[in-house]
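Worksheet for the structure shown next.
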Amino acid sequence: MTQVKQHKDPLLRIAKRDAIGRPKAYAIRLIGVLLSLLVSGAFIFAVTKLNPIQVYNAIFDGAFGTERRSWVTIRDAMMLLCIGVGLAPAFKMKFWNIGAEGQILIGGIVTAGLMRAFGSTLPTPVLLLLMAVMSLLAGCVWGVIPATFKAVWNTNETLFTLMMNYVAIQLTSYFVALWENPIGSNTVGVINQRTRAGWFPELLGQSYTLNVILVMALAIGMFLYLKYSKQGYEISVVGDSENTARYAGINVKKVTIRTMAISGAICGMAGFIEVAGVSHTISTSTAGGRGFTAIIVAWLAQFNTFVMILISFLLVFLQKGATQIASQFNLNDYASNIITGIILFFILGSEFFINYRVIVRGGKEGSAK
Amino acid sequence: MNNQIIQLIQSAIQFGTVIMFGAIGEILTEKSGNLNLGVPGIMYLGGIAGLAASFLYEFNNPDPSKLVCLLLSFLAAFLAAALGGLLYSFLTITLRANQNVTGLTLTIFGGGVANFFGGTLNTMAGGVGQISVATTSSVYRANIPGLSTMGVPGRLLFSYGFMVYLSIVVAIVMAWFLNRTRRGLNLRAVGENPATADAAGINVTRYKYVATCVGAGISGLGGLYYTMDYIKGTWANDGTIESLGWLAVALVIFATWRSLNAVWGSYLFGLLFWVYLIIPGLGRRDIALFNMLPYLVTIAVLIFVSLRNKKENQPPASLGLSYFREER
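Keeping their order, the protein sequence lines are chains A and B.
Numbering-wise, my numbering puts 203 at position 203 of the first sequence, and it's gapless, one number per residue.
Numbering-wise, my numbering puts 1241 at position 241 of the second sequence, and it's gapless, one number per residue.
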């Protein structure tokens, strides 16, 4: 083993990019999305034998085929966006809040409880306000618990918030059993179906106008908060380097707890919107995994709430399409999870080509993509 | 001993075995510095691949051979799960994507694939809940003749399928590998400080890839045990594997990254989960509250570990970070 090996350049090597222009970065992401659409199209083709054009036609039909479907698409995109907006400050601070599911459910439980209790005694606007405030507080508490432990004892927040999800899920099944209606159905049923007390009112002739207004207000507010407020600046400093933050005199503990209070509160609010404005019931699937999907939405948008709107729509659009195709072909809804997964894998992979460049052996430095 | 208590212990051990496989695989993965939150998805992949392989075999053969059933389902589960791990490895190690986000995506994807094909298999078999792989499941649930009927000790120790014992063997082998072999030492070095390991001539990328893929394969066996033994060779789209997968992730912390702790930890989780069986007069509501226990205990352990802040109980130092040689 004394002989020195002949050195040979590897076929491909990787170098870090210095900086990349915004248009180029978005072009790379777009290529990623297009590739993912091709692969999901191929997947749908494999199980249904539809040709690709029919596939995309069917997807479009599923998402925007009728006015009702369009509104459902908008409604669901708004839900996903709302949760993503809630998660953005936490993740910008590099606080891994995996607990949105739980925060949504807690907000939902509180809303459903109040709706049941005061449906016949309080007028709807007062009740809506009460539900909004209480669900906000509930989500806030659910988020502050792990944040406090993180701030004081550096307890791992990823796993803490994850466990809080399951505590919330079990709590939900407790309340579902408690509020069961009709008895033996193991569901709460639609609350106040006859009186519609505590439901979002129709605005401009549409049931979901209020959802859109609320969520868009939150999205714009969060954008301004993160970008232009002092607190938003503190969040990004803590996220980049806790030591720098400490050196600059930022109270990291305070920022951590405050930010998670906001994050949890918005997620609790999402539970309120879902229960009072969409389903009018509560079950363990009220959050339905969207707490996890929203993490990816927030992360991929780099916490820019306007980019989040695009990503939420893209994901919901494809999910609706997949559901439509599934029902046409007697397949099940889980096809949409597969497609979501494929798209996210591609977008995640495309980030690599934004941060690094690949150099082929013998090729000129920097000439690679 | 009371019959109820024996049943409780049996349920606890079976429940524990599912999450023990998940946790041991994840311990191997995390020791290489990869925090794979895709465990639920990987267990889903393992479960459905094992089931699909044996179903297709039994469906097309009127007289299936037990050995083929066993090998086919076992290999299919391990390979499918390892493929999930490979996907994760490619994205996080080669493409340096964020580990948490990639893991979560893998969970969504794996759950989608499993429930999608689970539903399709159900349809092929003639309707919801119709799928059944009786022969394969019987192999997984076979006891040693004579021993399992030998009174209380027999029922407590010998009434399980072979995978219960396999999980303990895997835990012991894993502990030996990580603590007593050169490769285990290298792997731990990669997880603690990849730059130093790299400088010492260890192939960081290869160690990370192999550990993550093999770890995923082992986790996937948890899904296989769940479908074949725990629910007796059927499929249900009820999200149980996902919640068990997250418990497996929790168990890794509970065991403070030691596979031998995962053995008793998993049985303890099982006991906590099923303890309502021996408490008389509980309604469905109370059961829901009792099922919170494993999660509350994990939270308590998390807090306790962070309070004590002991060096040997900490996660691998580079856990969750991707490594790029030129970045110092």
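Idealized CB from N, CA, C, for every residue including glycine.
Min CB distance residue i to chain A below 8 Å
{"i": "B:N1101", "result": "For clarity, residue 1101 of chain B is Val in the given sequence; the question names Asn instead. Interface residue, yes."}
{"i": "B:L1289", "result": "yes"}
{"i": "B:M1292", "result": "yes"}
{"i": "B:Y1295", "result": "yes"}
{"i": "B:S1089", "result": "no"}
{"i": "B:R1333", "result": "The question about residue 1333 of chain B has no answer here: the residues shown for chain B are numbered 1001 through 1328."}
{"i": "B:W1274", "result": "no"}
{"i": "B:G1111", "result": "yes"}
{"i": "B:A1250", "result": "yes"}
{"i": "B:F1162", "result": "no"}
{"i": "B:W1235", "result": "no"}
{"i": "B:P1038", "result": "The sequence shown places Gly at residue 1038 of chain B, not Pro. Not one chain A Cβ lies under 8 Å of B:G1038."}
{"i": "B:E1326", "result": "yes"}
{"i": "B:T1120", "result": "yes"}
{"i": "B:F1116", "result": "yes"}
{"i": "B:S1219", "result": "no"}
{"i": "B:S1306", "result": "yes"}
{"i": "B:N1261", "result": "no"}
Test: residue i CB closer than 8 Å to a CB of chain B
{"i": "A:S173", "result": "yes"}
{"i": "A:K378", "result": "There is no way to answer for residue 378 of chain A, as the model of chain A reaches only from 1 to 369."}
{"i": "A:L348", "result": "yes"}
{"i": "A:F200", "result": "no"}
{"i": "A:T158", "result": "yes"}
{"i": "A:L12", "result": "no"}
{"i": "A:L344", "result": "yes"}
{"i": "A:G41", "result": "no"}
{"i": "A:E101", "result": "no"}
{"i": "A:Q384", "result": "With chain A covering 1 to 369 only, the question about residue 384 of chain A has no answer from this structure."}
{"i": "A:M163", "result": "yes"}
{"i": "A:Q324", "result": "no"}
{"i": "A:M1", "result": "Note that A:M1 scores a pLDDT of 46, beneath 50, so its modelled location is shaky; the value from the coordinates is reported in the next line. No, A:M1 does not count as interfacial toward chain B."}
Reduced DSSP secondary structure (H/G/I, E/B, other) of residue i
{"i": "A:V188", "result": "coil"}
{"i": "A:K16", "result": "strand"}
{"i": "A:Q302", "result": "coil"}
{"i": "A:I282", "result": "coil"}
{"i": "A:Q193", "result": "coil"}
{"i": "A:R22", "result": "helix"}
{"i": "B:L1289", "result": "helix"}
{"i": "A:S241", "result": "coil"}
{"i": "B:P1062", "result": "coil"}
{"i": "B:T1181", "result": "coil"}
{"i": "A:T161", "result": "helix"}
{"i": "B:Y1225", "result": "helix"}
{"i": "A:I28", "result": "helix"}
{"i": "B:N1313", "result": "helix"}
{"i": "B:D1238", "result": "coil"}
{"i": "A:K253", "result": "helix"}
{"i": "A:M1", "result": "With a pLDDT of 46 at A:M1, under the threshold of 50, the modelled position of that residue is not reliable, and no figure is offered here."}
{"i": "B:G1118", "result": "helix"}
{"i": "B:K1031", "result": "helix"}
{"i": "B:D1198", "result": "helix"}
{"i": "B:R1258", "result": "coil"}
{"i": "B:E1026", "result": "helix"}
One or two residues paired with residue i in a DSSP bridge
{"i": "A:I359", "result": "A:R13"}
{"i": "A:L203", "result": "A:Q206"}
(request) Could you tell me whether the region 1252 to 1263 of chain B touches the region 1272 to 1292 of chain B, using the rule of 3 or more Cβ pairs below 8 Å? (result) no
(message) Three Cβ pairs or more, each shorter than 8 Å: is that satisfied between the region 117 to 126 of chain A and the region 58 to 65 of chain A?
(response) no
(request) Answer yes if the region 1073 to 1081 of chain B comes into contact with the region 1207 to 1226 of chain B, meaning at least three C-beta pairs across the two stretches below 8 Å, and no otherwise. (result) yes
(request) Give, in chain order, every unbroken run of the beta strand (DSSP E) that is at least 3 residues long and sits entirely within the region 56 to 91 of chain A. (result) Runs of the beta strand (DSSP E) inside the region 56 to 91 of chain A: none found.
(message) Can you confirm whether the region 302 to 317 of chain A touches the region 124 to 142 of chain A when touching is taken to mean that 3 or more C-beta pairs between the two stretches lie within less than 8 Å?
(response) no
(message) Below 8 Å, how does it come out for the region 79 to 93 of chain A and the region 260 to 269 of chain A: are there three or more Cβ pairs, yes or no?
(response) yes
(request) Report yes or no: do three or more beta-carbon pairs, one from the region 349 to 362 of chain A and one from the region 322 to 333 of chain A, lie closer than 8 Å? (result) no
(request) Tell me, please, whether the region 1234 to 1247 of chain B touches the region 1109 to 1124 of chain B by the rule of three or more beta-carbon pairs shorter than 8 Å. (result) A contact between stretches requires three or more CB pairs, one per stretch, nearer than 8 Å, and the region 1234 to 1247 of chain B meets this requirement with the region 1109 to 1124 of chain B.
(request) For the region 88 to 98 of chain A and the region 321 to 328 of chain A, state whether three or more C-beta atom pairs, one from each stretch, are separated by less than 8 Å. (result) no
(message) Quick test of the definition: if touching needs 3 or more C-beta pairs under 8 Å, does the region 162 to 170 of chain A touch the region 1288 to 1299 of chain B?
(response) yes
(request) Kindly provide the ranges of any alpha helix (DSSP H) runs that are 4 or more residues long and lie completely inside the region 214 to 241 of chain A, ordered along the chain. (result) 230 to 240
(request) Count the CB pairs spanning the region 204 to 222 of chain A and the region 105 to 117 of chain A that are closer than 8 Å, and state whether there are at least three. (result) no
(message) I want to know whether the region 336 to 347 of chain A touches the region 101 to 110 of chain A - three or more CB-CB distances under 8 Å.
(response) Judged by Cβ distances under 8 Å, the region 336 to 347 of chain A makes no contact with the region 101 to 110 of chain A, as fewer than three pairs qualify.
(request) Indicate whether the contact test is met: 3 or more Cβ pairs, each with one atom in the region 1096 to 1115 of chain B and one in the region 1020 to 1039 of chain B, closer than 8 Å. (result) yes
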